[in-house]
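For the sequence shown, our numbering gives the first residue as 2, with consecutive numbering after it.
See below for the structure under consideration.
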Amino acid sequence: MPELVIEQVDAEIIDTGNGVFIPRSWGAVVTGLPEIPGEVHARIVYDRTLRRAVAESVRVDRSGAGDEVTTTLLRDIRVQAIVQWAAARVVRIDRDGGEPESYGEYIARLRTDEVRSDDQNLREAVRLYRLGSVINGGPLKLVSEELNVSISTATRMMNRARVAGLVDEATGRELYIQARVQQRRGRTTGPVAGSGPSGPSIDR
2 MPELVIEQVD AEIIDTGNGV FIPRSWGAVV TGLPEIPGEV HARIVYDRTL
52 RRAVAESVRV DRSGAGDEVT TTLLRDIRVQ AIVQWAAARV VRIDRDGGEP
102 ESYGEYIARL RTDEVRSDDQ NLREAVRLYR LGSVINGGPL KLVSEELNVS
152 ISTATRMMNR ARVAGLVDEA TGRELYIQAR VQQRRGRTTG PVAGSGPSGP
202 SIDR
């Protein structure tokens, strides 16, 4: 079973927007990875240009005699998965005036909070999108999973948030580009005829 230890967390905390905060840098030590005989050490930083957590450096320390670090072994290391795992451990989410929550606390509260207005749901979508981006995960996937909607509905929610001015300029540009790509794909493929009756689809 893989284990993760966080170390050397920088004291500087960065406000990434939408109530999501993360240290400037930190270390992650992962042990117990399949086929990796030793420890994986990663130095992770929040890159202000990319606007997400990234690996600054990665090294593997062998367990001891009889093991070796090889090119094949290095190819087996899923660096982005380690970054996501470690970033989810150190990120904090503002509770709108309350004590900041950990990733796990925020997600657990969101799942149990079943009474939200459309406006509140839209704002949570924005926060989830930013959170997914910051930890180097799939932001739309996180919105979809945690708000229990389809990817297409999550996309529409984020575009509504963009039009309403609820996202920053960089995120707005990203969402606009995604919307244009989807429009082009729709024009290229055209409508698909089905055997069932016509009518609007219902997103879950």
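In this text, a Cβ means the ideal position worked out from N, Cα and C, and glycines have one as well.
If we count the other Cβ atoms within 10 Å of its Cβ and call it buried at 16 or more, is E100 buried or exposed?
exposed
Which full runs of the alpha helix (DSSP H) of 4+ residues lie inside the segment 71-122, going along the chain?
72-76, 80-91, 104-113
Selected residue, minimal CA-CA separation from M158, among L129, I37, P3
L129
Can you tell me which of the three DSSP states P35 falls into?
coil
Smallest Cα separation from R90: which of R185, N19, P24?
P24
To the nearest angstrom, how far is it from the Cα of G20 to the Cα of E69?
44 Å
Option in I37, T156, V168 with minimal Cα separation from V182:
T156
Going by C-alpha distance, which of Y107, V135, I136, W86 is nearest V6?
W86
Beta-carbon within less than 8 Å of I108's beta-carbon, same chain only, minus the 5 sequence neighbours each way: which residues are those?
E147
Would you mind working out which of E175, A82, A126, N149 sits nearest A162, comparing C-alpha positions?
A126
Distance, Cα to Cα, D95 vs G18?
10 Å
Just the C-alpha distance for S118 and E13, rounded to the nearest angstrom, thanks.
35 Å
Nearest neighbour of Q9, chosen from E40, V30, F22 [CA to CA]
V30
Check V10 in the structure and name its three-state DSSP category.
coil
Mind checking whether the beta-carbon of A88 lies closer than 7 Å to any heavy atom of the ligand ADP?
What this structure holds is no ligand at all, so the ligand ADP is not there to describe.
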